[in-house]
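Quick note, the sequence shown lines up with residues 23 to 249 if you use our numbering.
Glycine included, every Cβ here is placed at the ideal spot set by N, Cα and C.
Below is one structure, written out as structure tokens; comments come after it.
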Amino acid sequence: MNCCKPDTHIIEEKMEPVHIPEEGRERTSEKMEQFIYPSIYESHLSNVLISNAEIKSRVKDISKAFQESYPLTEPLVLVCTLKGANPFFAALLEELSALSIPYIFEFLRAKSYIGTESSGDVKVMSADIPSLKGRNVIIVEDIVDTGGTLQKLLPIIHSCGPKSVEVCTLLTKRLIEGNGSISPKFTGFSVPDAFVVGYGLDYNEMYRDLRDIWILGEKGIALGGWK
Ligand code: XMP
Ligand code: MG
23 MNCCKPDTHI IEEKMEPVHI PEEGRERTSE KMEQFIYPSI YESHLSNVLI SNAEIKSRVK
83 DISKAFQESY PLTEPLVLVC TLKGANPFFA ALLEELSALS IPYIFEFLRA KSYIGTESSG
143 DVKVMSADIP SLKGRNVIIV EDIVDTGGTL QKLLPIIHSC GPKSVEVCTL LTKRLIEGNG
203 SISPKFTGFS VPDAFVVGYG LDYNEMYRDL RDIWILGEKG IALGGWK
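And the structure:
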């Protein structure tokens, strides 16, 4: 469920995600010096999965893929799913502006996770978006995990009457059972099945402020996030 009405100008190929290995980066003290984080998080975090520099470089690749996939004769409509996608969204907008790609943007708030478990009950706020009608729409997500959030969001977006709808996600989680029926056209990285935090991704509202993406450690999980 990744598209609706075909548009002759839109390229159908999907972006292959960058594969991040199971264990993330090796955590030697020398290598860790480059990663900065608030001292109160010391011992909460396990390995760095993706550095800020790798994210920024991938954002450039994704922006170029937008440039190649869409006609630049009309603005794209980029829909940010709050809160987690916000840093990725901001980086993407900056890069698209640098490439002179026209866009407008909207925000949706979706919430499904309680702690490290998907509640299966996705709540969507501010869903009536008139600016989507007749437009090429791209939903921007932080992570596709079970696919439940997008399965709920996509029909809402389609009901606004867009010309096309695609999904752009920074991360896709490698689940044995797959990500539901969700197959994003634009994906940054494929990550292992671990709970990841940082660069907007949270555990009960904590760790969104990290520059890099980390695997949350056992201590961090036990502490339970923001209380
Ligand atoms: P689903 O399962 O609906 O998940 O595809 C989508 C939303 O749930 C959040 N999510 C996570 N947040 N670490 C996080 O910090 C994770 O590993 C994780 N997995 C899912 C996220 O908001 C995503 O948009
Ligand atoms: Mg999200």
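If you draw a 10 Å sphere on the C-beta of W236, you find 16 or more other C-beta atoms in it, and that means buried. Between L193 and T103, the C-beta gap is not smaller than 8 Å, which leaves the two residues out of contact.
Beta-bridge partners of A132 (DSSP): V146. Rounded to whole angstroms, the separation of the alpha carbons of Y92 and L115 is 15 Å. Along the stretch 46–134, the beta strand (DSSP E) occurs as fully enclosed runs of 3 or more residues at 67–72, 98–104, listed in sequence order. A distance criterion of 7 Å places the beta-carbon of T95 beyond contact range of the ligand XMP, judged by its closest non-hydrogen atom.
Taking C-beta atoms under 8 Å as the contact rule, E163 and T191 qualify, at a distance of about 4 Å. When beta bridges are read from the DSSP output, H180 appears opposite no residue. Around V219, the same chain offers Y225, Y229, W236, L238 as residues with beta carbons nearer than 6 Å, after the five sequence neighbours per side are excluded. Remark: the C-beta of D231 is outside contact range of the ligand XMP, defined as less than 7 Å to any heavy atom. F208 has its CB no nearer than 7 Å to any heavy atom of the ligand XMP. Within the stretch 194–230, the complete beta strand (DSSP E) runs of at least 3 residues fall at 208–213. Using a Cβ-Cβ distance cut-off of 8 Å, the stretch 150–161 and the stretch 77–84 are not in contact, since fewer than three pairs of beta carbons, one from each stretch, lie closer than that value. Beyond the five residues adjoining it in sequence on each side, K249 comes within less than 8 Å, by CB distance, of N226 in the same chain, given in chain order.
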